[in-house]
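Some notes on the structure that comes next.
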Amino acid sequence: MRSIKLNGVTITGDELEGVATVRDLLEKFEPVFHRSMLVVERKGEIEARTDKYTFTTTKGKFSTSMKERWHRIYKLWAGKDVNITSKNALIFSPVRLEDDETYTPSLLRLRRGDIFLFRISSKETETYLGFALRDHEDQLFLPPDPRDAIIGRVTGGGGVLQHLEPGDSIKEITPEYRIESLVERLSFTDLIEDGMEIYTSLMIKLSESSPRSAESFLSYLRNNRGVLAVDEVTNSYIRSISPPIFETGVENNRSFRERGMVFMRNEGERKGSIYIYKKLRMPQHVMNLIGTITSGAELIDVARAGDTIAVHTDPVQVLLLGMTQIEAERVLQEAGIQHIRHGDTADDAIVVSQKPDTTIDAFKVGVVETEGIPPDKIIKVELFEEEAPRTAHYLKEVTGLYRSHLIGRFDIDTAIESLVLFRGKGKKAIVKPENTPEKGFVFEEGIIGVTNMTRPQEGAIGVRLIEDPTFGPTGEIGESTNIVGKVKEGLEILRGMRKGRVYFLDVTPRDEE
0 MRSIKLNGVT
10 ITGDELEGVA
20 TVRDLLEKFE
30 PVFHRSMLVV
40 ERKGEIEART
50 DKYTFTTTKG
60 KFSTSMKERW
70 HRIYKLWAGK
80 DVNITSKNAL
90 IFSPVRLEDD
100 ETYTPSLLRL
110 RRGDIFLFRI
120 SSKETETYLG
130 FALRDHEDQL
140 FLPPDPRDAI
150 IGRVTGGGGV
160 LQHLEPGDSI
170 KEITPEYRIE
180 SLVERLSFTD
190 LIEDGMEIYT
200 SLMIKLSESS
210 PRSAESFLSY
220 LRNNRGVLAV
230 DEVTNSYIRS
240 ISPPIFETGV
250 ENNRSFRERG
260 MVFMRNEGER
270 KGSIYIYKKL
280 RMPQHVMNLI
290 GTITSGAELI
300 DVARAGDTIA
310 VHTDPVQVLL
320 LGMTQIEAER
330 VLQEAGIQHI
340 RHGDTADDAI
350 VVSQKPDTTI
360 DAFKVGVVET
370 EGIPPDKIIK
380 VELFEEEAPR
390 TAHYLKEVTG
400 LYRSHLIGRF
410 DIDTAIESLV
420 LFRGKGKKAI
430 VKPENTPEKG
440 FVFEEGIIGV
450 TNMTRPQEGA
460 IGVRLIEDPT
470 FGPTGEIGES
480 TNIVGKVKEG
490 LEILRGMRKG
500 RVYFLDVTPR
510 DEE
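The sequence shown runs 0 to 512 under numbering that gives the first Met the number 0.
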């Protein structure tokens, strides 16, 4: 009887009927499917050395994270004594390295916990091992590239260093090993054979301490059809670029970044990016921990830039916007969460908001309140994402579509008989010209436009209520107007409105992967 392991679960016999290839397996068992998704086979395991080392001294132990070069030379310092102590650094006796590099005087900037190599002159052939006890700068004889002088970091037990003095020594330096999987990428046409262990997706347990970061991650997946796009790969992590869904703030950011942990950057140029770590790294205040892989970590070991990885989460997202009240009730019943309706409570009313608005809090509280509005009060909008991708990105950010995926909102700024203007990002907007109309274009009623950077009111969003051959949805001429979409149904809702909030449903046709 044929048997395989799929994402850690054994599948046998009749369950595998009709499954000949990897594609067959995905179509039958993997709810998330993408034409470029990564699938791997685990073929065994090996013992591999990590970058972690434990130093045992006469006063106790401390742990470190070391660079690759250290693997070749670490045994030379076993048994070495403390040579120099100062308020800035602790120095161990030198050793002779088998290199012919010329060390030259350079200024080395050190942080507390840095481990560094240096010599005391250009003619000296022996190399010292130092540990920075506090942040400082020092003029030392360093390798040709001074950055090579810093060989590692103290990651734990650093207090031991403060007590070492001449006469103390390093008794032992021990590398840490871990068991690593031997993993091979599979193509969709590869045959399924008896005994294979296959991984098609990640299972991620979300952290209860990061409700907003977790929700941002869940919304990223929802907008991306359940897959994680691999945009960058390094030795220590894979990274995905996430759109600006909402402000996450600082949450749960004191954890060591261990293998299999998922983080979201909370500030800086890469704010919003999702990181999954392959190796241990120190805590970083700009990184919010949002979850941990419980199955499928083999996928991140062989992922390449351009791959997509199917992702499942525990718990699944509780996002009800765009559903009817009765649909929302069924989802919540299945999750074991109580449902309270507000606004239009009819079964066919469309949910436009929910409290709590994060999945983690919904499960924690056990009750979700939804606000409904009548279906005939929802505007249906199609976005021109292919023709105006950057402008569509801007509109999604402003209206909350990245957060909710289906339901967005327009807040009216100004309204006249011929058009309605909605609130944009004001001076923070950066909208380059894109999909501007050609000469002779007529702005039909229902056209949605955004004022581009050629005009002072850059970022304003508008809908044309009356056809006009000259002025667009924001009252600007064609060259200053990016055409980003069209109202497909419900334009009459806007006629006569002068203030307030309008909800719309994104009905943009999208190709299925």
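Positions of the beta carbon are idealized from the N, C-alpha and C atoms, including for glycine.
query = Going by other Cβ atoms of all chains shown within 10 Å of its Cβ, with 16 needed for buried, is P472 buried or exposed?
reply = buried
request  = Using 10 angstroms around the beta-carbon of T11, count the other beta-carbons present and answer buried if the total reaches 16, otherwise exposed.
outcome  = exposed
ask   = So who's on the other strand from P174, going by DSSP bridges?
value = Y52
ask   = Quick one: what does DSSP say G290 is sitting in, helix, strand or coil?
value = strand
ask   = Does the beta-carbon of T398 have 16 or more other beta-carbons within 10 angstroms, so that it is buried, or is it exposed?
value = buried
ask   = Since E381 and T507 are thought to touch, with beta carbons under 8 Å apart, how far apart are those beta carbons, to the nearest angstrom?
value = 5 Å
request  = Grab the span of the beta strand (DSSP E) containing T450 for me, first residue to last.
outcome  = I446 to T450
Bridge partners - Y127, DSSP secondary structure assignment = F117
inquiry  = In whole angstroms, give me the CA-to-CA distance for L217 and L227.
reply    = 11 Å
query = Anyone know if the C-beta pair for L418 and G461 falls short of 7 Å?
reply = yes
ask   = Hey, how far is the Cα of G342 from the Cα of R500?
value = 15 Å
message = Does R152 pass the burial test, meaning 16 or more other C-beta atoms within 10 Å, or should it be called exposed?
response = buried
ask   = What's the C-alpha gap between V351 and T369?
value = 8 Å
ask   = Straight-line CA distance for R110 to Q138?
value = 15 Å
ask   = When the Cα of Q283 is compared with those of H311, E250, D300 and D306, which residue comes out closest?
value = E250
query = For N234, is the classification buried or exposed, using 16 other Cβ atoms within 10 angstroms of its Cβ as the cut-off for buried?
reply = exposed
key: Residue range of the beta strand (DSSP E) that includes R108   = T103 to L109
inquiry  = Can you look up K270 in the DSSP assignment and give me helix, strand or coil?
reply    = coil
key: Per DSSP, the bridge partner or partners of H311   = M202
request  = Identify every run of the alpha helix (DSSP H) within the segment 9 to 38, keeping only runs that are complete inside it and at least 4 residues long; order them along the chain.
outcome  = 21 to 28
Closest Cα partner of F470 within the set I446, K498 and D347 = I446
request  = Below 8 Å CB to CB, which residues in the same chain sit around N434 once its five sequence neighbours on both sides are set aside?
outcome  = F383, E386, A387, T390, N481, I482 and V483
request  = Tell me, to the nearest whole angstrom, how far the beta carbon of Y127 is from that of P93; I am working on the premise that it is less than 8 Å.
outcome  = 5 Å
request  = With DSSP as the reference, label I72 as helix, strand or coil.
outcome  = helix
request  = State the CB to CB distance for the pair E183 and K42, rounded to an integer number of angstroms; the pair is presumed to be in contact (CB under 8 Å).
outcome  = 6 Å
key: Supposed close pair G225, V31 - CB separation, criterion 8 Å   = 4 Å
ask   = Just checking my contact of Y502 with I377 at CB under 8 Å: how many whole Å lie between their CB atoms?
value = 6 Å
ask   = In its own chain, which residues sit with a C-beta less than 6 Å from the C-beta of N265, not counting the 5 before and 5 after it?
value = T247, V249, V285 and N287
key: Proximity of E457 and V430 at Cβ, strictly below 7 Å   = yes
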